[in-house]
DNA sequence: CATGAATGAATGAATCGTCACTCAGTGACG
DNA sequence: CGTCACTGAGTGACGATTCATTCATTCATG
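Chains as they are written, first to last, in the numbering used here: chain A, 1 to 204; chain B, 1001 to 1204.
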């Protein structure tokens, strides 16, 4: 049918990254309709491939969602690790992580929606995903906080796990609200306010 | 089939509250399987009524979810309002609200799952619901915070809306983590830690 | 080179199970 | 009897997944 231009598109940008195209398309579709309301056919159309092609790259619709999460979470954690490895002050480390957190989500609204909304939409996903990436991220925050306690900049009587959750929760809420909000503001600067309150609250 | 005892049950406790029974059953079913994986037939079975009966009380499956939210949110906000009306210190007001927040969720794990997980599972729901209840709840936190700024106990340079979000996000994360966690701890005491850090962070 | 056999990526119509919702009926009660 | 709350088998639509088929590409061969 409308196949004349397809070949060119194919050879220009998709040799080998058809999988990535499908992932990008799926992120968009999931973000707009929600995971359960998204048809595989919708994803295929958005990615400009046939329905069946999706199954050459992914075992199931669910695996697509998993892949979106896995890929981005791995990237984020790696980026976070790198970012803080030459820093000394734990407070500064946390500031950087927070900024990166909101920066990444703020840079791609569709991805943010999938992370803040769609991934939360089932206990099953929550448990699977939390086991994988969220837990690791929380652990990064916790370890950094503990380091701060050791160095003496954070109150020693606080439970580091809880402190990590407070920080994560606050950032998470910034992101969720940003998505829902109709107003159009930058997400990443919110990190400063959050860190101001948080660091003030936990400093020795 | 197993209908012998049904009539008695019916007349003992359900005259007029069959609707409530269905809501309670639905909360349990949604919490265990997720909204989209729950069949109306599951809810009916759990409520010990026929599939069709569900439709005598609710227009659709979606309306059941709405009703769960509306009812509980209204109750919570009312309870919160009452709780703080005779208090003066805005810090104490926030402490009480936070405690109530986690107390209510901690008292009913199924309800907590629906609130923390299922209700978040689609942008559509998020927007509808946020317009209604969440926004009102956030507004309650914000107004209380502003009061504290006026009285001079909270730092005046902080944006009250953001402060409210930080507090809400932190509490929300406590609840979400409590649900996911396999360990068995009390949710409500977490409010103290959160408020300790938060109040410390925002106090003038 | 030209040929055509082999490959496997890509297609999209068809399949098949699953549910939300309907409605014709049942029986309890006054 | 009439009413009415309730029942649950049936229906229609939908959508994830499959698979027979197409076709571009590669490459061994003459």
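Even glycine gets a Cβ: it sits at the ideal position worked out from N, Cα and C. Everything numeric in this text was worked out from a predicted model, so none of it was measured.
Worksheet item: What separation, rounded to the nearest whole angstrom, lies between the Cα atoms of residue 1031 of chain B and residue 1111 of chain B?
Response: On the second chain, residue 1031 of chain B is found 31 positions in, with the first residue counted as 1. On the second chain, residue 1111 of chain B is found 111 positions in, with the first residue counted as 1. Going by the C-alpha atoms only, they are around 7 Å apart.
What residues of chain A sit near residue 1190 of chain B, judged by a beta carbon separation below 9 Å? Translated into positions along the second chain, residue 1190 of chain B becomes position 190. Result: 162, 165.
Roughly how many angstroms separate the alpha carbons of residue 1145 of chain B and residue 172 of chain A, rounded to a whole number? Translated into positions along the second chain, residue 1145 of chain B becomes position 145. Translated into positions along the first chain, residue 172 of chain A becomes position 172. Straight across, the Cα-Cα distance linking residue 1145 of chain B with residue 172 of chain A is about 20 Å.
- Coarse secondary structure for residue 67 of chain A, derived from DSSP in three states: In the first chain, counting from the first residue as 1, residue 67 of chain A sits at position 67. Per DSSP, reduced to three states, the secondary structure at residue 67 of chain A is helical.
Taking a contact to mean a Cβ-Cβ separation below 8 Å, would you say residue 195 of chain A touches residue 104 of chain A in this structure? As a first step, residue 195 of chain A must be located in the first chain, where it is residue number 195. As a first step, residue 104 of chain A must be located in the first chain, where it is residue number 104. Not closer than 8 Å, so no.
**Study point:** Burial state of residue 189 of chain A, where buried means 16 or more other Cβ atoms lie within 10 Å
**Key:** Taking the first chain and counting its residues from 1, the one referred to as residue 189 of chain A is at position 189. Label assigned to residue 189 of chain A: exposed.
Compare the C-alpha of residue 1023 of chain B against each of B:1068, B:1055, B:1093 and name the closest.
By one-based count along the second chain, residue 1023 of chain B stands at place 23. Comparing alpha carbon positions, the residue from B:1068, B:1055, B:1093 closest to residue 1023 of chain B is B:1068.
TODO: Look at the Cβ atom of residue 142 of chain A, then the Cβ atom of residue 164 of chain A, and state whether they are nearer than 8 Å.
DONE: Within the first chain, residue 142 of chain A is the residue found at index 142, counting from 1. Within the first chain, residue 164 of chain A is the residue found at index 164, counting from 1. Annotated as proximal: residue 142 of chain A and residue 164 of chain A, with beta-carbon spacing under 8 Å.
Checklist entry - Going straight from the alpha carbon of residue 1056 of chain B to that of residue 37 of chain A, what length do you get? => result Locating residue 1056 of chain B in the second chain gives position 56, counting from the first residue. Locating residue 37 of chain A in the first chain gives position 37, counting from the first residue. Taking the straight line joining both Cα atoms gives about 26 Å.
(message) Residues of the segment 169-186 of chain A in Cβ contact with chain B at a cutoff of 7 Å, in chain order, please.
(response) The residues in question are 169, 170, 172, 173, 174, 177, 180.
To the nearest angstrom, report how far apart residue 1115 of chain B and residue 1134 of chain B are at their CA atoms. Here residue 1115 of chain B refers to the residue found at position 115 of the second chain. Here residue 1134 of chain B refers to the residue found at position 134 of the second chain. Residue 1115 of chain B and residue 1134 of chain B have their C-alpha atoms roughly 11 Å apart.
Next on the checklist: Rounded to whole angstroms, what is the Cα-Cα separation between residue 1187 of chain B and residue 81 of chain A?
Outcome noted: Translated into the one-based positions of the second chain, residue 1187 of chain B becomes position 187. Translated into the one-based positions of the first chain, residue 81 of chain A becomes position 81. In a straight line, the C-alpha of residue 1187 of chain B is about 31 Å away from that of residue 81 of chain A.
### Message
Do residue 1198 of chain B and residue 201 of chain A have their beta-carbon atoms positioned less than 8 Å apart in this structure?
### Response
Locating residue 201 of chain A in the first chain gives position 201, where the first residue counts as 1. Locating residue 1198 of chain B in the second chain gives position 198, where the first residue counts as 1. Less than 8 Å separates the beta-carbon of residue 201 of chain A from that of residue 1198 of chain B.
query: Grouping DSSP H, G and I as helix and E and B as strand, with all else coil, what is residue 154 of chain A?
result: Taking the first residue of the first chain as position 1, residue 154 of chain A is located at position 154. Here residue 154 of chain A carries a strand assignment [DSSP, helix/strand/coil].
Close beta carbons around residue 1017 of chain B, own chain, < 7 Å, minus the five adjacent residues each side: By 1-based counting over the second chain, the position of residue 1017 of chain B is 17. Hits under 7 Å: none found.
request  = Work out the CA separation of residue 1048 of chain B and residue 1166 of chain B for me, nearest whole Å.
outcome  = Locating residue 1166 of chain B in the second chain gives position 166, counting from the first residue. Locating residue 1048 of chain B in the second chain gives position 48, counting from the first residue. One C-alpha to the other measures close to 42 Å.
ask   = Quick one, which of A:64, A:154, A:33 has its alpha-carbon nearest residue 89 of chain A's?
value = The residue given as residue 89 of chain A occupies position 89 in the first chain. From the listed residues A:64, A:154, A:33, the smallest Cα separation to residue 89 of chain A is found for A:154.
Check: Does the beta carbon of residue 170 of chain A fall short of 7 Å from some heavy atom of the ligand FMN?
Finding: Judged by which ligands are present, the structure shown has none, so any question about the ligand FMN falls away.
Note to self: Tell me the rounded alpha-carbon separation between residue 83 of chain A and residue 97 of chain A.
What the structure shows: Position 83 of the first chain holds residue 83 of chain A. Position 97 of the first chain holds residue 97 of chain A. About 8 Å.
Compute the distance between the beta-carbons of residue 179 of chain A and residue 117 of chain A, then report whether it is under 8 Å.
Your numbering for residue 179 of chain A matches position 179 in the first chain. Your numbering for residue 117 of chain A matches position 117 in the first chain. Yes, the Cβ-Cβ distance between residue 179 of chain A and residue 117 of chain A is below 8 Å.
Can you name, in chain order, every residue of its own chain whose Cβ lies under 7 Å from the Cβ of residue 1076 of chain B, other than the five neighbours on each side? Position 76 of the second chain, counted from the first residue, corresponds to residue 1076 of chain B. Excluding five sequence positions before and after residue 1076 of chain B, the CB atoms of its chain that fall closer than 7 Å to its own CB belong to 1104, given in chain order.
Q) Between residue 1079 of chain B and residue 1100 of chain B, which are expected to be in contact by the criterion C-beta below 8 Å, what is the C-beta distance as a whole number of angstroms? A) Numbered from its first residue, the second chain carries residue 1079 of chain B at position 79. Numbered from its first residue, the second chain carries residue 1100 of chain B at position 100. 6 Å between Cβ atoms; contact.
### Message
Give me the subset of the segment 34-52 of chain A whose CB atoms are less than 9 Å from a CB atom of chain B, sorted by chain position.
### Response
Along the segment 34-52 of chain A, the positions whose C-beta sits under 9 Å from a C-beta of chain B are 34, 35, 36, 37, read in chain order.
Nearest neighbour of residue 1203 of chain B, chosen from B:1092, B:1107, B:1021 [CA to CA]: For the purposes of this step, residue 1203 of chain B is taken as the residue at position 203 of the second chain. Residue B:1092 is the option with its Cα nearest to residue 1203 of chain B.
inquiry  = Any beta carbon of chain B sitting closer than 8 Å to that of residue 29 of chain A?
reply    = Numbered from its first residue, the first chain carries residue 29 of chain A at position 29. False, the Cβ-Cβ gap to chain B never drops below 8 Å.
Chain B residues whose Cβ lies nearer than 8 Å to that of residue 143 of chain A:
Residue 143 of chain A sits at position 143 when you count from the first residue of the first chain. What residue 143 of chain A touches in chain B: nothing, since even the nearest Cβ is about 17 Å away.
**Asked** Mind checking whether residue 1035 of chain B and residue 1121 of chain B have CB atoms under 8 Å apart?
**Response** Residue numbering aside, residue 1035 of chain B sits at position 35 when the second chain is read from its first letter. Residue numbering aside, residue 1121 of chain B sits at position 121 when the second chain is read from its first letter. Yes, the pair counts as a contact, with Cβ atoms nearer than the cut-off.
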